Every structure is written in C-alpha cells, then in structure tokens.
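Below: one structure, written as structure tokens.
There are 2 protein chains.
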Amino acid sequence: MLRLKSSDPGFAKAFARLVKDRRESDENVARDVQTIIEDVRLRGDEALAEYTAKFDGHAPADDDWRIPPEACREAFDALKPDLRAALELAAQRIRDYHRAQLPENRDYTDESGMRLGARWSAVDGAGLYVPGGRAAYPSSLLMNAIPAKVAGVARLVVVTPTPKGEANPLVLAAAHLAGADEVWRVGGAQAVAALAYGTARIKPVDVITGPGNAWVAEAKRQLFGVVGIDMVAGPSEILVIADAKNDPQWIAADLLSQAEHDPVAQSILITDDAAFADQVADMVGVEIAMLPTAKVAKASWDDYGVIIVVDSLDEAPALANALAAEHVEIATDDPQSLFDKIRHAGSVFLGRMTPEAVGDYVAGPNHVLPTGRRARFSSGLSVLDFMKRTSFIEATDAALAAVGPAAIALAEAEGLAAHARSIEVRLGL
Amino acid sequence: MLRLKSSDPGFAKAFARLVKDRRESDENVARDVQTIIEDVRLRGDEALAEYTAKFDGHAPADDDWRIPPEACREAFDALKPDLRAALELAAQRIRDYHRAQLPENRDYTDESGMRLGARWSAVDGAGLYVPGGRAAYPSSLLMNAIPAKVAGVARLVVVTPTPKGEANPLVLAAAHLAGADEVWRVGGAQAVAALAYGTARIKPVDVITGPGNAWVAEAKRQLFGVVGIDMVAGPSEILVIADAKNDPQWIAADLLSQAEHDPVAQSILITDDAAFADQVADMVGVEIAMLPTAKVAKASWDDYGVIIVVDSLDEAPALANALAAEHVEIATDDPQSLFDKIRHAGSVFLGRMTPEAVGDYVAGPNHVLPTGRRARFSSGLSVLDFMKRTSFIEATDAALAAVGPAAIALAEAEGLAAHARSIEVRLGL
C-alpha cells in the first residue's frame, strides 16, 4: 500500500506516477489473436472445434455446441428461492433504469422548409461474451444483456467457454432471465471472431460486448470496425473520498470490495484525517484476514492500494478528475457539493449508505464502466451501445433554392464539381 | 460499372459479393504506424520534427509549429463575400442541428428511496485531424469542430499537415469560424500520436476525430482506448433508389457526386425500370466528360459503380439494409414509405429535390457518417462523441435495507465476500 500526503513536496510527482499507471497487462497477445481470428474467418466451425479442444479441454459433439433454452430455464428453476428473487429484483431494477435511456427520434421542419431529423434503431444482433472461471458473473450477464434487449435487439447471442464441458448454472439461469436467444459453448478470441465473421453454425452479430481476459479484449480491439464493441476494459478500480466521521470498518470493506476482484485492481482512499487513514489501514488488515478472497484482495491492496491524506477535502475533486476512476464513493455529510466538482468518473456513489457493491448488483445503473482513466472520454454501457442513429433530410423546391447556392459555392471552393452540379441541375442553374 | 438484375438466377450470389466488398485498403501500415506512435510517445517534439521533415518536406522553426489565431482570422477575413456567407450559413445550420442533440441529465428518486441518475459532461480536450492535399475540406472541419464546441469542449485542437509549409487558407478560415483553440502544422500518424500522448509543445486531448489516409486511420485505431475516437472510416458510398419519373441527368449527377471523391468510392443505383437505368448510365458518361474531377469519378464509376434493376422498388429496402450504405437517396413520389422499411443507413435523403450534396454542406446533419456497412451498428458524428456520462446512486438507510439483502445474496453466489461485507456492515448483519 502506498501512502501519500498532498502537502509533501514530492506529492505532485508521486501522484502523476499513480495517474499514469494503468496496471494493464503488457502481455503481447496481438499476433496470436490475429492468427486465431484469421483462422476462424477462413475455416469457421472447424477452427472453433480445434481451439475449443485445445483451450477448454473438450470438444462438443456437433449437436452440442449450443446450450438449449430448456437447459437455461431448468438452471433458473433450480435456483434457491432467495437467489432467484435477488436475480429478479436486479433484472427489474436494471431494466427500469435502462428503459429511461431510450433516445427520442427527431423529425421537424425548419424555417427554410427543410425537413430534418434522426431516427434511432437497434442493431439486428448483439453478441455477449461471458467468461468462464473466476469472472463468470451472472450479474455481468444481466448488465450486458438487459440494455441490449431494452434497446430492441432481436437476436442476443451469448458465448461462454465451458471448460471440460461444464457450464456455470448461475450464468445459464441469468441467460434465461435476461432473454438471451442463443447460448454457445465457445470462448476466447475464437468466440469473438465467430461472432464477428460468423460460421456455418453461428450467424454473425453487429455489436460485441462483455468482459474477458487479455485475449478476448485484444480480439475485440482488432475487430472494432468489423463490428461495434464496448470500451476497452482494464482492471477495476475505486476511489473513496471519506472524512473522519465514517466508520473505518465500512470504508475498509469498500476498499476491499474492489481489491478482491483482481490482484491488479486498485483501491484508493482520499481523506483529510491522518488518524482516520491509520484506522482504515488497520481495519483493512483485520477484514482481509476474514475474507475467503483474502489472497487476491491482499495482493491488490499491498501492490496497488493507495491512501492519500489531504489538508482539506476541497482538494479531492481535482485529484478525482485526474484519476478519472471507474467508481467514486463520496462518504461525507454533503456529498453533492464535491460531486458537483467531479467531471470525470464512471459512476459515483453518494453518501455513507451507498457502498459501491450496491451498484454492482441491484441499484439499476450499469456496472460496466470505463476503467484506466477512460472516464475522461467514455461512459458506462447503455442502450445506446446497441443502437444507431440514421439522420435524414427532405428538401422542398423552396428549401433547395434557399440553401443550395451556398452548397454550390462551398463545393466549388473544395474542387468538387459534381457535388455542385447535382444541385445546379435541380435549380436550373 | 456492374449491372445486376434482381430476377437473374445469379443475383443473390453477385449481390452478396457486393455487400462483402468494403473496398478498403489492404495496405499493411500497422507496423510502421506502431513504430511512429512509440517514437512520438518516447521522443515527443523531436520525433515530430523528424517525421514532418520527412513526410511534409519542411521543418517548422521552433516558434512556427503553431499557426496563430490571427492567421486564421486573416484567412477568414480574406474570403470572397459569397464564400464567407456560405461558410457562415453552413456553420449556423450545423450548429442549430447539433444543439438539439445535447442529451438531458437524469436525477430522480425511485420508490425504494434510492436516488439515481446520470450526468453528461464534455471531454476536456478534442483533437481534430484535417488532411492536407486532396481531402482538405473546410466543410469537414466545420462538421467535426462544431459538434465538439456545441458539446462544450473547452480545448479544440486542430492538426493539419502543411506540405512544404503551405497551409490551406480555406481550412484556416473554417478553423477561425468554428472556434478552434489551437492549430498545429503536423499531420500523419505522428500528429495522432502527439494528440493522444502529448508532447512538450502539444498537450494531449481526450478524443480524436476527423478523416485521414490509411496511416491516420490506423493510428486512430491503435490509439483507441488511450483516447476516444470516431468510427473507423472507409471510402465514401451512395445508394440511390430512383423510379423512372426522375430526370436521368439529376440521378447521374448524384451518382457522380460520390464517385468524384475517391477512385474507390462507390455509387449504386437501384431502379425498377431498365430503360431508365440505360438513360442514367448514358448520362453518367455525358456528365463525366464535363467534370474537372473526371479522372477520379470515371475510375470510381468504372470499377465500383453498380446499377441494380429490380422488378419492384418494394425490393429496395431489403437490399438497402444489406448494403447499410453511408448515404441513401430515395427519389420517388412517396419516399417515406420506403424509408420506413430501411433500418440500416448513415443518412437518408428523401425526395427528388434532396441531392446528397446538400447534406455535405448546408443541411445541418453531420456529413461524417459510417461507411463500409458500419451503419449496421454505428452512427454519424454527433455531440455525443465529445461527451461522456457519469451515473450516480445515493441510497438512504431505508433504500439500502430494501435492496441490500438481494445484493448480498448475489455477491455471495459470485464468491465475492467483501462485496457482501460492505453492505452487511452497514445493515448491522
């Protein structure tokens, strides 16, 4: 854990180093991923079968690549009642929040008589990557699938690796609840390539979202443009801004709720009280010992945890803007006044009773958020990631007569004679 | 020019080939671009100077890299009055259209007592690439810069190569009119790298937009994630859906207005009348001969032009959706009925009096549009490309008591004990 004090002479330099370190893997998988993508593009299902045998240790029979809807429904029906109710509450609240994001079409006629507008529509097909192993989270499936369905996507395709053939029943249950249309037993860069280019078995989609390891992320990056993708994602992070009136145990728990995600996750505390900072640091030690996820949480906190003691919390917004963190908690009596000054953050959790974990599951806003300072320019997942906008223009004779000559002047200045001509012939010029 | 008939037995195959061919360069510049980016990242302005000397044939003096605002204002003042008025009309109409795109913030409290919402804000800095040479279009500068300024971007940075030191006065004039804050004499992948990582001279930006050659496009693609970028762009294209009641000369002019952009631009006509198709093809020949841009337009039309004769224009929407073209003109008496069935298109031009060129300059909607079938999943440039959304959550004691237990159940099911713990400690569980 790194401890900084904003009044120390070396602070600016140390903080700049912190801002710069994105903790992202240098693992160079670009060439391997390129090979896999090309292979799947050219050989389709045959290549999928080979990579699945190699990486997931099993090769589904020809009729076993797709997990049937009944298996998903059965997994859902088999859930313990409290877990089923929790998933249903989460789904309902996510659906409600995202429904209000649906954009409005525009269609109006301006004073020149020209009709102008924009019409939104959903993509035809969306692909959702769901990791196997450590990060196989049903909540993540809901957070990706529900916005797609709310957007109006007709075909929602889930791909997920099933190592040794084993599917995660919670993921299947969530797929049923979210209304996934297809679920395929395939993962890795090969699954992303199959979604982008299609194979004989799996039809291509238009947008691919969802978390994954370095190979999956690189495959999405390479296929950006062939399909739409959500933002490049790095390790998770939280910034907690807290005064000394908080219970140190609560703040320690919040810091650890990020740390347990990943050894390279990052938890940062900004506080204006050095004694409180000590108490939180102590409580982190106490709490870690109790966690089944202690090993990961301890690695993250030891290597990437940060406590910054400031003279006044008025310093916090500038630091928060530089960090542009995925999650920002503001645990003070008047969180809004600090929030008003924070421009760059994925999602903000206001007040002492809003631990970040409530946003991971049941609050409603999306938990897929920009990491690694990308909140400077990008947003959490929304229905807009599954939609696109078509603008339109309809000119009357009078409207074209009014604005056409200006277009002709500009086209000529740009040396585009045929552009000018297409207006001139209509105006009889 | 390729001529197809939808009732021919080989049509489906030929049309599928057409849809598949994105006419995009296979030029493999990835490795060279990677080298340039790394070089600029490590050596900054020194690397910029070397690449500029090499590619643009001049090396600005240390105090001459930035084109001063006065030079832009002088270029604007020196415009001929009709051209200045045309630029001003275009800027005003683009501004009006994009202002109405500004998204609304959300802030509400749901029945559980939880406050939820989303707040939009502009990125701090946007970089706009403006090509030198053939594609140095002032209209393009307006179409990129005005949405950024409408979004509220405080720092708008233009980069443009000035081969042999010569800047395009129209581009400088447009930069003045659009309110660009900085204009730098630098182009190519090196300019994009400088915008993304910053140098001693040029501070970094958060989003980079604007057209460019294969090197610029590849640099943007490689830096996606370090900064935000607009969509990957390929050669321009138009699909004209026209019945026999049109003047063949008008339709020929429209097809050529795309063809003159680029030898690999593509113009496609769908009509339900073979004789009309012949007339348009003849008029294309007549019109080309008159164009100063004849060489480019002829290459495009000969190599990539397509005429598809259908039995009925009712077939057109399905073909248009498969092509997902950047521009679609519908020149019929009732264009709306076809438009209602078109789901995938960048921008649609309705009726006989709406040539695409009016949208390039003065209609108001953005002319930066998805190419190469990307209208299936992406949209034209808008203020949203220069903004991002921060979601927020504020729970009360009662709200956390109401939804917290469900979050705990899900966290435990996912094996994330610290997530559960951060809620349990607050609820005294």
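From first to last, the protein sequence lines are chains A and B.
For reference, each letter of the first sequence is one residue, going 1 to 429 in the working numbering.
For reference, each letter of the second sequence is one residue, going 1 to 429 in the working numbering.
For each residue, glycine too, the CB sits at the ideal point set by N, CA and C.
Predicted model only: the values in this text are computed from it and were never measured.
Among the options, whose alpha-carbon lies nearest the alpha-carbon of residue i?
i	options	result
B/Tyr129	B/Ala395, B/His176 and B/Arg185	B/Arg185
A/Leu141	A/Thr209, A/Asp334 and A/Met114	A/Thr209
A/Pro211	A/Val19, A/Glu394, A/Tyr137 and A/Pro405	A/Tyr137
B/Glu356	B/Glu315, B/Phe392 and B/Glu326	B/Glu326
B/Asp45	B/Ile202, B/Gly234 and B/Ala395	B/Ile202
B/Gln92	A/Ala75, A/Asp110 and A/Leu102	A/Asp110
A/Asp56	A/Pro163, A/Asp32, A/Ala151 and A/Arg84	A/Pro163
A/Ile288	B/Ala418, B/Ile288, B/Ser139 and B/Pro161	B/Ala418
B/Val425	B/Gly113, B/Ile408 and B/Gly415	B/Ile408
B/Pro131	B/Glu70, B/Leu102, B/Ala86 and B/Gly187	B/Gly187
A/Asp447	A/Leu102, A/Ala189 and A/Ala118	Coverage of chain A is limited to positions 1 through 429, which leaves residue 447 of chain A absent and any answer about it impossible.
A/Ala320	A/Ala402, A/Thr390, A/Ile241 and A/Leu384	A/Ile241
B/Asp282	B/Leu255, B/Tyr304 and B/Ala375	B/Leu255
B/Ser347	B/Tyr304, B/Leu384 and B/Ala375	B/Ala375
A/Ala382	B/Lys388, B/Glu394 and B/Lys13	Residue identity differs from the one stated: residue 382 of chain A is Ser in this sequence, not Ala. The candidate whose alpha carbon is nearest that of A/Ser382 is B/Lys388.
B/Ala191	B/Lys298, B/Trp301 and B/Ala47	B/Ala47
So is residue i in contact with chain B if we call contact Cβ pairs under 8 Å?
i	result
A/Gly188	no
A/Ile393	yes
A/Val403	yes
A/Val157	no
A/Gly228	yes
A/Asn105	no
A/Asp333	no
A/Val123	yes
A/Leu256	yes
A/Arg23	no
A/Arg185	no
For residue i, which beta-bridge partners are listed by DSSP?
i	result
B/Val159	B/Tyr129 and B/Trp184
B/Thr396	DSSP output for B/Thr396 lists no bridge partner at all.
B/Asp283	Position check: residue 283 of chain B holds Met in this sequence, whereas Asp was assumed. None, per the DSSP bridge assignment.
A/His327	A/Ile238 and A/Ser347
A/Thr209	A/Leu128
A/Met290	In DSSP, A/Met290 forms no bridge with anything.
Beta-carbon of residue i versus every beta-carbon of chain A: anything under 8 Å?
i	result
B/Ile146	no
B/Met353	yes
B/Ala71	no
B/Thr225	As written in the sequence, residue 225 of chain B is Gly, which differs from the Thr given in the question. Taking Cβ atoms only, chain A reaches closer than 8 Å to B/Gly225, which makes this a yes.
B/Leu141	no
B/Leu172	no
B/Gly132	no
B/Phe349	yes
B/Ala86	yes
Check the Cβ of residue i against every Cβ in chain A and list those closer than 7 Å, keeping chain order.
i	result
B/Met114	Ala363
B/Lys388	Ala375, Phe377, Ser378 and Ser379
B/Phe276	Within chain A, no residue comes near B/Phe276; the closest Cβ sits about 16 Å away, beyond 7 Å.
Taking just the CA atoms, how far does residue j sit from residue i?
i	j	result
B/Val295	B/Glu50	The question names Val, yet the displayed sequence has Lys at residue 295 of chain B. Approximately 34 Å between the Cα atoms of the pair.
A/Thr371	A/Asp360	15 Å
B/Val264	B/Trp215	17 Å
B/Arg95	B/Asp262	28 Å
A/Asp82	B/Ala406	8 Å
B/Phe349	A/Thr390	11 Å
B/Asp206	A/Arg17	19 Å
A/Gly117	B/Pro365	8 Å
A/Met290	A/Glu70	39 Å
A/Val358	A/Glu74	28 Å
A/Gly127	B/Gly165	48 Å
B/Ile342	A/Leu400	24 Å
Would the C-beta of residue i count as close to the ligand FMN, meaning under 7 Å from any of its heavy atoms?
i	result
A/Ser139	Looking at this structure, you won't find the ligand FMN or any other ligand, since it has none at all.
Taking residue i as the query, report the chain A residues whose CB atoms sit under 8 Å from its CB, ordered along the chain.
i	result
B/Val425	Asp247, Gln249, Trp250 and Ala253
B/Ala411	Ala357, Asp360 and Tyr361
B/Pro292	Gly415 and Ala417
B/Asn366	Ser391
Run through chain B and tell me which residues come within less than 9 Å of residue i, C-beta to C-beta.
i	result
A/His176	Chain B residues near A/His176: none, gap ~15 Å exceeds 9 Å.
Against residue i, what residues of chain E qualify as contacts under a CB-to-CB distance less than 7 Å, listed in chain order?
i	result
B/Thr396	Considering every chain present, this structure includes no chain E. Its protein chains are A and B.
Along chain B, in chain order, which residues have C-beta atoms closer than 8 Å to that of residue i?
i	result
A/Gly346	Thr390 and Ser391
A/Glu260	Leu416, Ala417, Ala418 and His419
A/Arg31	Simply none; closest approach about 11 Å.
Quick one: which chain A residues come within Cβ less than 9 Å of residue i?
i	result
B/Leu432	With chain B running from 1 to 429 in the structure shown, residue 432 of chain B is simply not present.
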